[in-house]
Every structure is written in C-alpha cells, then in structure tokens.
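Q: I'd like to ask some things about the structure below.
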Amino acid sequence: MSLHAAVEAVTARIVERSREGRRAYLELIARERDTGVDRPRLSCGNLAHGFAASGEDKPAIREGRAMNIGIVTAYNDMLSAHQPYGGYPDRMKLWAREAGITAQVAGGVPAMCDGVTQGQRGMELSLFSRDTIALSTAVALSHGMFEGAALLGICDKIVPGLLIGALRFGHLPTILVPAGPMPSGLANKEKQRVRQLYAEGKAGRAELLEAESASYHGAGTCTFYGTANSNQMMMEVMGLHMPGAAFVNPGTKLRQELTRAAVRRLGEIGWDGGDYRPLGLCVDEKAIVNAAVGLLATGGSTNHVIHLPAIARAAGIMIDWEDIDRLSAAVPLIARVYPNGAGDVNHFQAAGGMAYVIATLLDGGYLHRDILTVAGDDLGAYAREPLLDGEALAWTDAPAAPLDPAMLRSHADPFLPDGGMRLVRGNLGRGTFKTSAVDRSRWTIEAPVRLFDDQDQVTAAFRAGELDRDVVVVVRFQGPRANGMPELHKLTPPLGVLQDKGHKVALVTDGRMSGASGKVPAAIHLTPEAFAGGPIAKLRDGDIVRLCAERGEILALVDAAEWEAREPAVPPPRQPGTGRELFAFMRAGADTAERGASAMLDAAGL
780 MSLHAAVEAV
790 TARIVERSRE
800 GRRAYLELIA
810 RERDTGVDRP
820 RLSCGNLAHG
830 FAASGEDKPA
840 IREGRAMNIG
850 IVTAYNDMLS
860 AHQPYGGYPD
870 RMKLWAREAG
880 ITAQVAGGVP
890 AMCDGVTQGQ
900 RGMELSLFSR
910 DTIALSTAVA
920 LSHGMFEGAA
930 LLGICDKIVP
940 GLLIGALRFG
950 HLPTILVPAG
960 PMPSGLANKE
970 KQRVRQLYAE
980 GKAGRAELLE
990 AESASYHGAG
1000 TCTFYGTANS
1010 NQMMMEVMGL
1020 HMPGAAFVNP
1030 GTKLRQELTR
1040 AAVRRLGEIG
1050 WDGGDYRPLG
1060 LCVDEKAIVN
1070 AAVGLLATGG
1080 STNHVIHLPA
1090 IARAAGIMID
1100 WEDIDRLSAA
1110 VPLIARVYPN
1120 GAGDVNHFQA
1130 AGGMAYVIAT
1140 LLDGGYLHRD
1150 ILTVAGDDLG
1160 AYAREPLLDG
1170 EALAWTDAPA
1180 APLDPAMLRS
1190 HADPFLPDGG
1200 MRLVRGNLGR
1210 GTFKTSAVDR
1220 SRWTIEAPVR
1230 LFDDQDQVTA
1240 AFRAGELDRD
1250 VVVVVRFQGP
1260 RANGMPELHK
1270 LTPPLGVLQD
1280 KGHKVALVTD
1290 GRMSGASGKV
1300 PAAIHLTPEA
1310 FAGGPIAKLR
1320 DGDIVRLCAE
1330 RGEILALVDA
1340 AEWEAREPAV
1350 PPPRQPGTGR
1360 ELFAFMRAGA
1370 DTAERGASAM
1380 LDAAGL
C-alpha cells in the first residue's frame, strides 16, 4: 500500500520546516562519532577509573576490543512499573558476556510517579522531571566509556526524558528496554465507578482505597492506556524496542528473552560492524510522524502533544500541533483501550496488540514502513508478535483479524474515521481537545465561565454545590511557567458527576490533563498560558465561552472592544515547599506547551 496522502503531506511539511535543524543535528552526531569522547581517546587515568570496579569484565573493557553497553536505569522500588528493573543490570551483564560484549550501569535517572503525586504538590515537579531525566541521561553517557546504550524506563516523563538525553548522543546505537504492564486487577470501569461515588460522597475513603489497591496491585505499569503505555506504543512504531516488547508482563520467560535479545541486538548494531544503527538516524522525521500516527490511531495520551515536540527537537526536528491536527483528521481510531474502552492493555495485547496495530496501519498506508529500526530493515518486523518456541524466542505474524473487535479494528473498519485529537483555536489561544473518549453530542459546549486558580478551589466549589449548572470550568495559572503544569486528573470525577446530572460541562485550562482523561470535554494545554499574559488571563466570571471540536474553536464570546481593553488577571503568589522552589529556573525559562514546555531545550537553542 502506498503512503496515505495526508501522512505524506505532513511528513513533507515537517521535513521542510526541520531542514536546517536536522542538518545541524546530523553533523553533530557524525562529528561525535568520529572525534567525540570514547574509550580509545581516554587517557590511561580516565580509562582505569572507568573499569576499576568492573570485576570479570575488566580485561575486556580495558582492551576495548568489544562493545561496552551503557545501561541507564530508572529503577526504584516505590514505582510499580520500575521495580522490576532492580535485577536487570546483573542479568544484562551475563547476556552481554554470552554475546562477547560487556555492559555497565552508566547511571540512574529519577522516576517519579504521577499516580502517587496526582493532585498533590509534588505534581508541580512532574513535567520538569522529564528534563531532569534528560540531563541525568546525558551525565550518564558523558563518560565516553560506551559504544551503545540500553535505556531502562517505561512511564510518563521517563521515556521522553531518556530519549531526549540519549538523542544528544545520537551516534550511539540505543535500544529502549521496557518491563511490561502488571497483570489485570480490578476492572478500570469499576475503579472509575468507585471514584465517582467517592466524589459524590456516596463511598468512603476505605472503599476508595480498597478499589485503588485492587486496581494497582503489583509490579508493572498501570494497566490503563495513559501516558506510560502510550510511551510503549510509540517506541514500537518508531522501531526502538525489540518487536512486540511493549506489553509483555514482568517476571515471565518471554519478557526475559526479549530483554536478552535486546542486549544481543545492541552487540550486532554497534559501530564496528556492518549493521551500524545509531539512535540519531533511527529517530528521523518519518519515525516522529509514526509516533504521532500511533498516538492518534490508538487513542493515546494527550501528554504526548507536549512530549513529542520535545523529543523531536532533540533530534533537530520541528513538529507542531497543526501537524498533529492534520494527521488526526486522516488517521482512523482503531483501538479502544480504557479509558476509551472497557478493556485494559492486557486485553489489548491478547486481542492482537501492537503487532496487529502496526500491521493494519501499514496496510492502510498510515505508517512509514521505510524507517531504520533497531531490529530490522523496515517497520514490517514490528507487525509480528513474540512467542516462545520451546525455550527460544521467535516471532510470528500478527493475527489476520483482531481477536476482540470491541477493542481492536482494522484501518478499513475503524471505531472512528479520525484520530480524536483536535487543535482548537480562537481568541483564547491554541489548545488540545481529545474527542475520542467524549460523546459526540458534547463536542460543542457553550456556557458561562467559572474561574479558578487551582484544582482544590474547583473541588471546594463542587462540594458546596456552586457548580450544579451548565458551566465552563476554567483553571488557569497552571502552565509551565506558572507552576510547572501539573496534571488536573483530580477534576475528572467531580466534573463527570455534573455531566451525568445532565449539565453542559467543559474544562478549559492552560494546565495538563491526565493521559487517562475521560468523558468530559476539555480544552487543555492552552497556550499562551495565563502567567505569560495569555488571553485566558482576561476571562471574567460569567463570560460565555464556546468550545467546539467540530469547528476547532475556543472563543470567549465577549465584545471585541471590551476584550481588547481588559487587563490580564494577576497571577497568584508562588508557594515554596516540596522542592518546588528548586525548579524556579525551569519555570522561568520554559517555552510554550506546543514547543514542549522545556527551558532546557530553549536555552540550548534547539
């Protein structure tokens, strides 16, 4: 199948816009490969420090005749998704020796959990943890001891951060190594029901905690299709995993063999062999477009309209929300995974998973097949699913049809004809509206505004009965420069209660909404943000706002002369505590959400 015209046109648009940045990036990684810091260029003292504690690998690392893999790990045992990584480095070193190469832990990166910090002060560090992870990855790889990298990370900011940092070492062959989702627990729909009952005061804290514990119950990624699992989908369609590695549960023989295969594959794609596959060539404009297409086709997390531009910039590529909007108009929605459907990622995997998604999208011409992947000559290698043939790892073709049509469809018989992520724009700025989980009857909301400066104020007003009407809830001063752009997932249950009462309800914010944002229409990531003088700061209580996904509009229906004359609201004072004050320089330098909300990339001129 030839490439779909819209995908081809958006790719060409990105290539043209990125021409100079991409050229400079490719020159950088070629220069780093030829003249950058590596083991042969280290002094004897440098090198001795690098292998001093490497035990039985010391002779091989000292002689420099074989690849040495730098393992960058996001392990901690508080975060369920990353707890399995604790034992990975020792096993990976053994598997490296089997392949005649070596491996060392190059460094660790922080891995905070949005699930733990959701609705708490720590969430104001969350977005900037991505750039902290990128910086930590750069520190880990800066020692010049490595000819390849294995990145151990899976969740929300961790994979984007690892990838951004590693792309500045894009001359190194690199594979991302996931750990997989936890087995299914309490059904996500039941968990959501209890959350809503709690918001209505019809369930107590003990009942809520029991439901949450039954849902998040063991090692592995949370099983809903939020930002973490959207990360894993994107790594597959970009060709940066071993094929089919995304959604295999931790602790299984298949998971172990996929990780062993990743180590061996790194040895095969090193710069001394005939199959050199550096990360910076794997992540090109086509791979970035594939990530956006996969996000849209599967109903993935809105957080990635912030992360994907940041990842792209690290590779000299410029993508904006209009690119994503144009793709969304053409790419069909072929998956319904909670919160866009009833089943979780384990059900998705059983129904055909990423192998089927990639197979049908390739068949429809929606994905670039001709990309350089870590595993094969094109993306077709990822239209196969892994299995064990006895004790050996093997791959088989994706099923010819989805095994559960309530969860997966072909490109020719989609759930929706478009990808369900709309750019809305107007006199309030530009924002994102995720339509795929919202009933079409609610795609247009016109109602009076009620203004808030933080989500706790919304909760208090809800409990006091002040929102029991048609209302557009506006939560402003939540952008990256204001307070680090925390997620506002805490608002989903109370707004859902109001909607279920029959009211016309919408959320408008310059903050983020969770990757698990649900059924309430929302314009999120509104830019320019209020703190930077964006027009959302001009709104007053009682103004009428129209949010329309059908027409891509977000408008304050205020007389133009009055609107022009209004002064923006004064930002609330910043509060110290929970380490928030330490991130002041990141807030002060952050650029817009559409560019990735990064002070680091902006200061670097990327």
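As numbered in our numbering, residues 780 to 1385 make up the sequence shown, in order.
All C-beta atoms in this analysis are idealised placements derived from N, C-alpha and C, irrespective of residue type, glycine included.
Because the structure is a prediction, the values reported are computed rather than measured.
Would you decide whether Arg1242 is buried or exposed? Buried here means 16 or more other CB atoms lie within 10 Å of its CB.
A: Exposed: under 16 other Cβ atoms inside 10 Å.
Q: In whole angstroms, what separates the C-alpha of Gly1290 from that of Gly1312?
A: Their Cα atoms are separated by approximately 15 Å.
Q: Going by DSSP in three states, Thr896 sits in which element: helix, strand or coil?
A: Helix.
Q: Assign Pro962 to one of three DSSP states: helix, strand, or coil.
A: Three-state DSSP puts Pro962 in coil, outside helix and strand.
Q: Thinking just about the alpha-carbon of each residue, which of Gly959, Arg1209 and Asn1262 is nearest to the one in Thr1357?
A: Residue Asn1262 is the option with its Cα nearest to Thr1357.
Q: Taking 8 Å as the threshold, find out whether the segment 921-929 comes into contact with the segment 944-954 through three or more Cβ pairs.
A: Contact holds: three or more Cβ-Cβ distances are below 8 Å.
Q: Please report how far the alpha carbon of Gln862 lies from the alpha carbon of Pro960, in whole angstroms.
A: Each residue's Cα considered, the two are about 12 Å apart.
Q: With distances taken Cα to Cα, identify the nearest neighbour of Leu1182 among Gln1128, Met924 and Ser781.
A: The candidate whose alpha carbon is nearest that of Leu1182 is Gln1128.
Q: Determine the closest residue to Leu1045 out of Arg972, Ile850 and Leu941, with distance taken between C-alpha atoms.
A: Per the Cα distances, Ile850.
Q: Per DSSP, which one or two residues make a beta bridge with Met1200?
A: DSSP lists Lys1213 as partners of Met1200.
Q: Which one or two residues does DSSP pair with Ala1121 in a beta bridge?
A: In DSSP, Ala1121 forms no bridge with anything.
Q: Tell me where the alpha helix (DSSP H) around Thr916 begins and ends.
A: Looking at the DSSP string, the run of the alpha helix (DSSP H) that includes Thr916 is Ser905 to Leu920.
Q: Short of 6 Å in beta carbon distance, which residues of its chain neighbour Gly1143, apart from the five on each side in sequence? Order them along the chain.
A: Excluding sequence neighbours, Gly1143 sits near His1190.
Q: Could you tell me the alpha carbon to alpha carbon distance between Arg1043 and Gly1049, rounded to whole angstroms?
A: About 11 Å.
Q: Which residues in the same chain as Asp1322 place their Cβ atom closer than 8 Å to its Cβ, once the five residues preceding and following it in sequence are excluded?
A: For Asp1322, where only same-chain residues beyond five positions count, the Cβ hits under 8 Å are Pro1227, Val1228, Ala1335, Leu1336 and Val1337.
Q: What's the gap between the Cα of His1268 and the Cα of Lys1298?
A: Rounded to the nearest angstrom, the two C-alpha atoms are 12 Å apart.
Q: Which residue from Val1068, Ala1301 and Leu1207 puts its Cα closest to that of Ala788?
A: That would be Val1068, whose Cα lies nearest to the Cα of Ala788.
Q: When DSSP labels each residue in this structure, what does Asp1149 get in the three-state scheme?
A: In this structure, Asp1149 counts as coil in the three-state DSSP scheme.
Q: Cβ of Arg909 within 9 Å of Cβ of Gly887?
A: It is not a contact, given that the beta carbons lie outside the stated cut-off.
Q: Starting from the N-terminal side, write out each stretch of the alpha helix (DSSP H) that is 4 residues or longer and does not extend beyond the segment 1019-1097.
A: DSSP runs (the alpha helix (DSSP H)) wholly in the segment 1019-1097: 1032-1047, 1058-1061, 1064-1076 and 1083-1093.
Q: Tell me whether Arg972 is buried or exposed, calling it buried when 16 or more other Cβ atoms sit within 10 Å of its Cβ.
A: Classification for Arg972: exposed.
Q: Using DSSP with H/G/I as helix, E/B as strand and the rest coil, what is Pro939?
A: In this structure, Pro939 counts as helix in the three-state DSSP scheme.
Q: Anyone know if the C-beta pair for Tyr1004 and Ser1107 falls short of 9 Å?
A: The answer is no: Cβ separation not under 9 Å.
Q: Taking 9 Å as the threshold (C-beta atoms), are Ser1377 and Arg1092 in contact?
A: Yes, these two residues count as a Cβ contact at 9 Å.
Q: Is Gln975 closer than 9 Å to Pro1272 when the C-beta atoms are compared?
A: Taking 9 Å as the Cβ cut-off, Pro1272 and Gln975 qualify as a contacting pair.
Q: So Asn1010 packs on Val938, CB below 8 Å; how close in whole Å?
A: Yes, they are in contact, since the Cβ atoms of Asn1010 and Val938 sit about 4 Å apart, within 8 Å.
Q: Within 10 angstroms of the Cβ of Gln1278, are there 16 or more other Cβ atoms? Answer buried if so, exposed if not.
A: Buried, by the Cβ-count rule.
Q: Identify every residue that forms a DSSP beta bridge with Pro1165.
A: Pro1165 pairs with Trp1174.
Q: What residue range does the beta strand (DSSP E) around Ile954 cover?
A: Looking at the DSSP string, the run of the beta strand (DSSP E) that includes Ile954 is Thr953 to Val956.
Q: Please list, in chain order, all residues of the same chain as Met1097 whose beta carbon is under 8 Å from its beta carbon, the five residues on each side excluded.
A: Same-chain partners within the cutoff: Ile793, Arg796, Ser797, Gly800, Pro1088 and Ala1091.
Q: Could you name the residues of the same chain whose beta carbon sits closer than 8 Å to that of Val1203, not counting the 5 residues immediately before and after it, in chain order?
A: Answer for Val1203: Arg1209, Gly1210, Thr1211, Phe1212, Ala1302, Leu1326, Cys1327, Ala1328, Gly1331, Glu1332 and Ile1333, listed in chain order.
Q: Can you confirm whether Gly1053, when its beta carbon is compared against all beta carbons of chain C, has any partner nearer than 9 Å?
A: No chain C appears in this structure, which consists of one protein chain only.
Q: Around the Cβ of Val1251, are there at least 16 other Cβ atoms within 10 angstroms (buried) or fewer (exposed)?
A: Buried: at least 16 other Cβ atoms inside 10 Å.
Q: Between the Cα of Leu1019 and those of Val1110, Thr1077, Tyr1161 and Tyr854, spot the shortest distance and give me the residue it belongs to.
A: Per the Cα distances, Tyr1161.
Q: For a quick check, are the C-beta atoms of Gly1095 and Tyr804 less than 9 Å apart?
A: Yes.
Q: Checking 9 Å against the spacing of the C-beta atoms, do Lys970 and Ala990 come in under that value?
A: Yes, Cβ-Cβ distance for Lys970 and Ala990 is below 9 Å.
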